[in-house]
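K.L.:
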Amino acid sequence: PALPVASLRGYSPVLIALSDSLSPDSSRDVAFFESLVQLAQLTPVALVAFGPPPPLPRNEPVAYSLLWAGDSRRWDQRLAAQALFGGVTPGGRLPVSLGSWPAGAGSAPPTTRLGYAPPELVGLSSEALARIDVIVQSGIAEGAMPGCQVLVARRGQVVFHKAYGTHTYARQRRVQETDLYDLASVTKVAATTLAAMRLVSQGKLDLQAPLSRYFRDLTIEVPTVQAEDTLYWPPPDSLLIPPDSLALPPGEWEPGRPPILQQDTFAIGEDSLMIIRRWVAGRERRPARWAALPLTALLTHHSGLPAGLNVWPYMSYRQPGQDKYVRYFRPEADSLASMEVAADFFLEDIYCDSLWLAIKAARLGPADRYTYSDLNLILVQRVLDSLTGMPLDSFLYQEIYRPLGLQHIGFRPYRWLPRTQLVPTEYDLRWRGQLLRGYVHDPTA
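Just add 3 to the spot in the sequence shown (first one is 1) and you have my numbering.
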């Protein structure tokens, strides 16, 4: 019968598998071939034939692709699927003429993704890989993890892929081979760096240019510090400083603007704090300290920027038992809160501005040594957003992920996949009070 051209034209590509023998002379099959040519003129079409050579019509326009597998065994079907999607290269040639294709015709497109093969085909041992089961099951039994996936690939071929255990220790859902995981800091490579490379290849990004080129305003107000002290909590006996020990420094003050005592609190480990108190006598405006840095300094982590941002106040703002929406966050997105950091948990936009001001005010350490810093890639992302005029996730999807056919990588996957397919990263008891599934677990990110 004829193909439903009208309903298929919206798909790209269209794959058609022939499992029955056709005859180009029968009226029933003539309608099929005519509609096949018609559809192929509207969208890419691949005809996959299994078994004997298919009797294709002669002298018809060669508007579609043909993949002929000499048999229909299970392994032939698997190889055909891999050939269609770039996992293996079909290197054969037609032994006979098929329709408008002469004998000897054929092409060998290069592979574009990982294929699947037996371990021995790439020099590995099935017996050795079988020991993975013992190692993983031991880890699950010892409580090191509730479950996992293991994938082994060599020379472009996946030779082992298996799912074990469950998503959580509650053992409610078993791990599937299609489940997704949080890539965490791999995002720096699989997203931000890729986007930067794309813009460099397009001639839109200069890695040696100073950061000031990509921002409209990098000026900051810097307090003039007259006296400063550091306290620790819990305090060692030798470092115990009375609260009133930081005396008002002598000096002449601007009328109506007396000095202000400021205090910053930083986390040191899980249960210790560092408190910096200072008298501020005035303020001056100047560019951010990192304004002259090139992007290469950020991408190689030689900028001198600190390792992270002080987000402690946004995580420890409430007493035990106090409502988590008492400050900073709202349960629903609205015109004042759009940054989603967990399910039903949105940061008010004004504090995003506060975090940006804190980044602008960041101090620089020695740039001659490697210091892994989240701030480096946060600044790179701001540059990319400025150049493209769109969020980083939208740019990556449009320029890299969609053209490559990557359907299972991206930001906030709960927007297009069932949450049950997303393996939880952690149960955030301390801050967000929920199981994080599809949300970034790192507080700064």
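Positions of the beta carbon are idealized from the N, C-alpha and C atoms, including for glycine.
(1) Please report how far the alpha carbon of A187 lies from the alpha carbon of G206, in whole angstroms.
(2) Which residue's Cα is closest to the Cα of V314: L350, G392, Q322?
(3) Residue range of the beta strand (DSSP E) that Q160 falls in?
(4) At which residues does the beta strand (DSSP E) containing W71 begin and terminate?
(5) Nearest to R77 by CA position, among F88, E63, F53, is which residue?
(6) With distance defined between alpha-carbon atoms, name the residue in P309, V65, I138 nearest to A43.
(7) DSSP state of W434, grouped into three classes?
(8) Expressed to the nearest angstrom, what Euclidean distance is found between the alpha-carbon atoms of D337 and Y354?
(9) Which same chain residues end up closer than 8 Å to S215 when comparing Cβ atoms and leaving out the 5 residues on each side of it in sequence?
(10) Below 8 Å, can you find three or more Cβ-Cβ pairs linking the stretch 129-138 to the stretch 385-404?
(11) Identify whether R12 lies in helix, strand or coil by the three-state DSSP scheme.
(12) Helix or strand or just coil, what does DSSP make of M318?
(13) Quick one: Cα of A156 to Cα of T114, how far?
(14) For a test of the three-state rule: what should DSSP assign to G54, helix, strand or coil?
(15) How is F2 classed by DSSP in three states: helix, strand or coil?
(16) To the nearest angstrom, how far is it from the Cα of I403 to the Cα of S128?
(17) In whole angstroms, what is the alpha-carbon distance linking H444 and M342?
(18) Who are the Cβ neighbours of G142 in its own chain at under 6 Å, not counting the five residues just before and after it?
(19) With DSSP run on the structure shown, which of helix, strand or coil describes L42?
(20) Look at L378 and L302 and say whether their C-beta atoms are less than 8 Å apart.
(21) Kindly list the residues whose CB is nearer than 7 Å to the CB of Y172, restricted to its own chain and excluding five residues on each side of it in sequence; keep chain order.
(22) Is the beta carbon of D185 sitting closer than 8 Å to the one on T374?
(23) Determine whether the beta carbon atoms of L39 and S68 lie at a separation below 8 Å.
(24) Roughly how many angstroms separate the alpha carbons of P105 and P98, rounded to a whole number?
(25) Just curious, the alpha helix (DSSP H) that R157 is in, first and last residue?
(26) Would you call S397 buried or exposed, if buried means 16 or more other Cβ atoms sit within 10 Å of its Cβ?
(27) Along the chain, where does the beta strand (DSSP E) containing L21 start, and where does it finish?
(28) For R219 and R81, I'd like the C-alpha separation in whole angstroms.
(29) What does Y119 pair with, by DSSP beta-bridge criteria?
(30) Under the rule that 16 or more other beta-carbon atoms within 10 Å means buried, what is T195, buried or exposed?
(31) Could you give the first and the last residue of the continuous beta strand (DSSP E) run that contains L350?
(32) Buried or exposed for Y3, please, with buried defined as at least 16 other CB atoms from any protein chain shown within 10 angstroms of its CB.
(33) How big is the Cα-Cα spacing for D431 and R321?
(34) Comparing C-alpha positions only, which one of A340, R440, I412, L407 sits nearest to R116?
(35) Going by other Cβ atoms of all chains shown within 10 Å of its Cβ, with 16 needed for buried, is I223 buried or exposed?
(36) Using 8 Å as the threshold, is the C-beta distance between A166 and E180 below it?
P.N.:
Here's the rundown:
(1) 29 Å
(2) L350
(3) 160-168
(4) 68-72
(5) F53
(6) V65
(7) coil
(8) 14 Å
(9) L221, P290, A294, A295
(10) no
(11) coil
(12) helix
(13) 15 Å
(14) coil
(15) No statement about residue 2 is possible, as the shown extent of the chain runs from 4 to 448 and does not include it.
(16) 35 Å
(17) 14 Å
(18) M148
(19) helix
(20) no
(21) P149
(22) no
(23) no
(24) 9 Å
(25) No alpha helix (DSSP H) contains R157, which is instead part of the beta strand (DSSP E) from 150-157.
(26) exposed
(27) 17-21
(28) 55 Å
(29) V161
(30) buried
(31) 348-351
(32) Outside the modelled stretch of the chain, which goes from 4 to 448, sits residue 3, for which no answer is possible.
(33) 15 Å
(34) L407
(35) buried
(36) yes
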